[in-house]
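Report on one structure; see the data block that follows.
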Amino acid sequence: MLKCFVVAVVCFLGQSSQGAEAWSLRDWMVDGVRREALVHVPEVKEGERMPVVFAFHGHGGNMRNSTRSFRMDEVWPEALVVCMQGLPTPGKLTDPEGKKNGWQSGVGEQGDRDLKFFDAVFAALKAECAVDEDRVYAMGHSNGGGFTYLLWAARGEAFAAMGPSGSAARQTVASLKPKPVLHVAGEGDPLVKFSWQKNMIEALRVLNQCGAGVAWDQDANCTFYPSAIGMPVVTAIHPGGHEYPSKAPELLVKFFKQHRRASGAKTTDSGAKSGS
């Protein structure tokens with residue numbers, strides 16, 4: 016068994032039923048600013064390459080909390096997971112003074128500091144690890160979901176599929192190219208209104224040339240919208256508010272596993288028939 020080379024401080028976080036899980040604290044200098052992320056590196060067999068999931072917390076959150084709420088290391092232990100740490104950022108809906116951590120919301124904002132952060136991390140992982148570049152994914156909640164959409168717009172060629180939650184980044188739609196996406200939304204969301212998110216989903220369906228929806232998962236309110244170009248949209252709608260639902264990580268991993276960057280257009284329509 017092999018692990019990629021990581022120079023890091025090991026942090027132990029008791030977030031799973033299997034006990035304390037080890038995450039590696041990595042840091043990078045980006046435009047003279049120290050940026051951090053917690054990285055979960057799986058063991059892989061000789062010759063194997065690992066999928067990668069980039070995860071982004073919401074405004075006011077942090078990388079440690081995102082390891083617990085997203086649970087990617089638990090539900091997809093074979094994946095290399097990167098929970099990145101934002102910096103103080105003015106919020107469009109809350110925190111106008113920018114006292115809490117978050118992510119840039121548009122290309123060119125904050126000197127593109129977060130896009131540069133992503134570039135630095137991804138370059139390091141590709142240099143150090145056996146990364147499968149056809150299985151790279153991004154996910155995030157709230158402001159982190161908005162940054163997931165921004166990555167799709169600005170760095171879309173790097174990803175196989177996207178998994179935003181609790182966000183409605185309509186300003187990025189014109190810059191998006193078709194790509195498989197699973198969007199998580201709460202019907203009672205008091206912050207990012209459900210009506211805004213429904214409009215975002217409709218824009219994604221138009222972008223991806225999707226038809227009528229069919230049920231996708233037996234245990235959650237998920238709808239699969241098949242795409243004429245092999246780029247489906249899946250919605251996971253829950254009755255709650257702005258929280259990240261507990262069932263979302265398993266749904267997202269199920270979706271991600273169905274999509275590869277090189278072959279997704281040939282294989283994704285099978286997802287409409289999957290009820291497990």
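Mapped onto this note's numbering, the consecutive letters of the sequence shown carry residue numbers 16 to 291.
Even glycine gets a Cβ: it sits at the ideal position worked out from N, Cα and C.
Taking every protein chain shown into account, the CB of Met99 has 16 or more other CB atoms within 10 angstroms, so this residue is buried. Comparing C-alpha distances from Gln186 to each of Val199, Gly201, Leu219 shows the shortest one belongs to Leu219. Leaving aside the five residues that flank Met215 on each side, the residues in its chain whose CB is nearer than 8 Å to its CB run, in chain order, Ser182, Ala183, Ala184, Arg185, Val188, His198.
Setting aside the 5 residues that flank it on each side, Pro57 is surrounded in the same chain by Met65, Pro92, Glu93, Ala94, Leu95, each with a C-beta closer than 7 Å to its C-beta; the list follows chain order. The alpha-carbon of Val221 is positioned some 14 Å away from that of Phe239. Shown here for Gly160: same chain residues with a beta carbon closer than 7 Å to its own, the five before and five after excluded, namely Pro179, Ser180, Gly181, Ser182 in chain order.
Taking Cys144 as reference, the option from Asp129, Gly171, Val97, Gly117 with the minimal CA-CA separation is Val97. In the structure shown, Leu108 falls within a coil segment according to DSSP collapsed to helix, strand and coil. Pairing Met87 with Pro264 gives a Cβ-Cβ distance under 8 Å. Counting other Cβ atoms within 10 Å of its Cβ, Ile244 stays below 16 and is therefore classed as exposed. Inter-segment contact for the region 134-148 and the region 36-45 is present: three or more beta-carbon pairs are separated by less than 8 Å. Boundaries of the beta strand (DSSP E) harbouring Tyr240: 237-240, taken from the DSSP string.
Under the three-state reduction of DSSP output, Ala94 falls in the coil class, being neither helix nor strand.
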